[in-house]
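Worksheet for the structure shown next.
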Amino acid sequence: MKEVTFTVLENAGIAPRTFWMKLSGDTSGIRGSGEFVQIALPGKFLRRPISVHDCDWDTLTLVYKVVGEGTEAMSAMRPGDKLSALTGLGNNFDIDACRSKALLLGGGVGAAPLYLLAKELCAQGKEATVVLGFNTAEEIMLEEDFANLNARVHIATMDGSAGTRGFVTDVLRIKNLSYDYFYACGPRPMLRAVCGAIKGPGELSMEERMGCGAGFCYGCTIQTAGGPARVCADGPVFKKEDLIW
Amino acid sequence: MVRDLSTTLCGITLKNPVIPASGTFGFGLELSGSFDLNVLGGISLKGTTLEPRFGNPTPRIAECEAGMLNSVGLQNPGAEALVRDKVPALRRIYGGCIIANISGFAVDEYAACSKVADGSPDIDIIELNISCPNVHGGGMAFGTDPAAAAEVTAAVRKATSKPLFVKLSPNVSDIVAIARACEDAGADGLTLVNTFLGMRIDIGTRKPVLANRTGGLSGPAIFPIALRMVHQVSKACRIPVMGCGGVARARDVIEMMMAGASAVQVGAENIRNPYACKEIVEALPDVMEELGIECLSDIIGCV
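Top to bottom, those sequences are chains A and B. Our numbering numbers the first residue of the first sequence as -4 and each following residue consecutively. Our numbering numbers the first residue of the second sequence as 32 and each following residue consecutively.
Right, dumping it as structure tokens:
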């Protein structure tokens, strides 16, 4: 864990109530995909956990959805504004668990942390197939970003306005995708459906209301096959077989 | 000039009065990689019960104006794991005062749990938690009635020879009556206060934000009330008081000590700033210099 003051470089809308924020600052505390940062916001007591979308040696990119007053305040930040964050929180996606072909499943803004994961997998010479689910076509985000990594991208929308009509699991049912390991991030019902639909091994990034974000307040504990687990410190990424639905 | 930050609790000298409050610092070990814990005067460990507990369902945390609600519900690995694993591991890296926070649901259980803690040579103080608002049929029920508070204090007094502090609930109409009952029943000191019972509603879903419906309010919002209670109790009792409730900065520590606290616990502030206690300790000498305080213990109860 490291406390870092970042400077906002960009903070732009990319989909309804969804923003892409690029920050400059010390990213040495960030180890890889799957992690999150805890952001302090003016007037808010608790920090807000936001997943790492992308990261290089001096910039950090976050993609976040406005879901309450904290993220609303975040969306109002402008280039040049300072922002305090705790970095290096949470565990990482296990990129070595995939032998050669990965399936990445994202629901809504859950697509965000899968981007750095896809980058890491591609850097290892592994193939990434990405399935992203949204309610409607206008919510689609990051499709080109994944495509630019040479990942094959499939889209599902609930209303059928783009791609396959239905859930990401409907894409799995219809298309004969080839993969040896899956990674998923999205709303809880989606993650549960994914675990039911895929027989093979994989891991999922969970979301929970957090206090400290660093494992010492025990505010985000869930029950797992291995006993109580803190989503912030033992997760947020859990193996499929460890999750209890 | 060298400023003297030390204070004493029941004959135990602390290098400074700053102690992370129970439940806001885990078992210390979770933060061992963040900074050298030895800057802390003491550490109050996460509330522990005789048997392991999962605690309440999530969400357990809610944001508030100038504070937060929690309903963790005493998640802990149980008393055996406390004395076998947690405390010895902490003692290997920490030389200060280790405070075991003991909770329960029945008088016998509190006593049995305290007896287990009593067996650990690394535990310096037992803090009896009769004020957790997030568990049913125990916790706070013992802290809101003078007779019940006295009964559990007396039972634990027999179970341990270690200094015994009782942590009081602010959810009472007369905290002095509870404090005196504990003192008369054999408590060596008092910690006050625990959290205030509160609630938030999600106005979109029309449901409580917390799965447990209610939770304990902590943070700067409660500081003036906690301070008033510390002042009242320290004037009415002869035993030392650890002040707790909304302390966020070095100035709050000074204020709590002037109100009568011999040591000061920092709670919710750790949750939003894991370095809060370290920063407060580092800031104290400058504030003392500004206020003309040479020896921090001189100001205890000066108001």
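C-beta atoms are modelled at their ideal positions from N, C-alpha and C, and glycine is treated no differently. What you are looking at is a predicted structure, and each value in this text was computed from that prediction instead of being measured.
Can you tell me which residues form a DSSP beta bridge with phenylalanine 141 of chain A? In the DSSP output, where bridge partners are listed per residue, phenylalanine 141 of chain A has none listed.
Histidine 262 of chain B - containing alpha helix (DSSP H), residue span: 254 to 267
Could you tell me how far apart the beta carbons of valine 226 of chain A and cysteine 215 of chain A are, in whole angstroms, since I believe they sit closer than 8 Å? 4 Å
Taking only beta carbons into account, state which residues of the region 94 to 118 of chain B come closer than 7 Å to chain A, listed in chain order. Glu94, Cys95, Ala97, Gly98, Met99, Asn101, Val103, Gln106
Within chain A, partners of leucine 223 of chain B - CB distance below 9 Å: Simply none; closest approach about 21 Å.
So what does DSSP say about phenylalanine 173 of chain B, is it helix, strand or coil? helix
Backbone secondary structure at cysteine 212 of chain A - three-state DSSP: coil
Give the interface partners of glutamate 61 of chain B over in chain A, defined as CB-CB distance under 8 Å, in chain order. Ala209, Gly210, Phe211, Ala228
Return the first residue and the last residue of the beta strand (DSSP E) that threonine 222 of chain B is part of. Run containing threonine 222 of chain B: 220 to 223, per the beta strand (DSSP E) assignment.
Below-8 Å beta-carbon distance, phenylalanine 40 of chain A vs any chain B residue: So, interface residue.
Could you give the C-beta distance for glutamate 300 of chain B and valine 278 of chain B, rounded to a whole number, given that I count them as a contact under 8 Å? That pair is a contact at about 7 Å.
For the beta strand (DSSP E) that asparagine 6 of chain A lies in, which residues bound it at each end? -3 to 10
So is glutamate 30 of chain A buried or exposed if we call it buried at 16+ other beta carbons inside 10 Å? buried
Can you check which of these residues, B/Ser65, B/Val183, B/Thr89, is closest to alanine 212 of chain B by C-alpha distance? Measuring from the Cα of alanine 212 of chain B, the nearest candidate turns out to be B/Val183.
Between aspartate 140 of chain A and the rest of its own chain, which residues show a CB-CB distance below 8 Å, the 5 nearest in sequence each way excluded? Tyr110
Does the beta-carbon distance from cysteine 144 of chain B to alanine 180 of chain B come in below 8 Å? no
Contact belief for phenylalanine 40 of chain A with arginine 303 of chain B at Cβ below 8 Å, rounded distance in angstroms: 6 Å
Check whether chain B comes within 8 Å of proline 223 of chain A, counting only Cβ atoms and requiring the distance to be less than that. By the rule that beta-carbons nearer than 8 Å mark a contact, proline 223 of chain A touches chain B.
Evaluate asparagine 243 of chain B with the Cβ neighbour count: other Cβ atoms within 10 Å of its Cβ, from every protein chain shown; 16 or more gives buried, anything less gives exposed. buried
CB contact check: arginine 183 of chain A to chain B, cutoff 8 Å: no
Looking only at C-alpha atoms, which of A/Leu116, A/Lys234, A/Pro37, A/His48 sits nearest to isoleucine 90 of chain A? A/Leu116
Give the DSSP-derived three-state secondary structure of serine 249 of chain B in the structure shown. strand
Outcome for threonine 131 of chain A when other beta-carbon atoms lying within 10 angstroms are tallied against a minimum of 16: exposed
Determine the chain A residues that contact isoleucine 92 of chain B at a beta-carbon separation under 8 Å, and present them in chain order. Leu41, Arg204, Met205, Gly206, Cys212, Gly214, Cys215
Nearest chain A C-beta to threonine 38 of chain B closer than 8 Å, yes or no? no
Measuring only the C-alpha atoms, how far is isoleucine 135 of chain A from asparagine 87 of chain B? 36 Å
Find out if the Cβ-Cβ distance for the pair isoleucine 74 of chain B, tyrosine 125 of chain B is shorter than 8 Å. Isoleucine 74 of chain B places its beta carbon less than 8 Å from that of tyrosine 125 of chain B.
Looking only at its chain, what residues have a beta carbon closer than 6 Å to the beta carbon of arginine 34 of chain B, apart from the 5 residues adjacent to it on each side? These residues qualify, in order along the chain: Pro316, Met319.
CA nearest to the CA of tyrosine 59 of chain A, picked from A/Ala179, A/Gly120, A/Pro11, A/Arg94: A/Pro11
Of the listed residues A/Ala71, A/Pro44, A/Ala106, nearest to glycine 85 of chain A (C-alpha basis): A/Pro44
For phenylalanine 58 of chain B, collect the residues of the same chain with a Cβ closer than 7 Å to its Cβ; drop the 5 residues on either side in sequence, then sort them by chain order. Leu76, Lys77, Lys117, Leu121
When A/Cys180, A/Gly158, A/Tyr176 are compared against lysine 170 of chain A, the one with the closest alpha-carbon: Considering only alpha carbons, the answer is A/Gly158.
I'd like to know if glutamine 218 of chain A contacts chain B, where contact means its C-beta is closer than 8 Å to some C-beta of that chain. Among the residues facing chain B, glutamine 218 of chain A is included, as its CB has a counterpart in that chain under 8 Å away.
At 8 Å on the CB atoms, spell out the chain A contacts of phenylalanine 85 of chain B, in chain order. Thr216, Gln218, Pro223
Name, in chain order, the residues that DSSP records as bridge partners for methionine 273 of chain B. B/Thr222, B/Ala294
Check whether the Cβ atoms of glutamine 106 of chain B and tyrosine 213 of chain A lie closer than 8 Å to each other. Yes, Cβ-Cβ distance for glutamine 106 of chain B and tyrosine 213 of chain A is below 8 Å.
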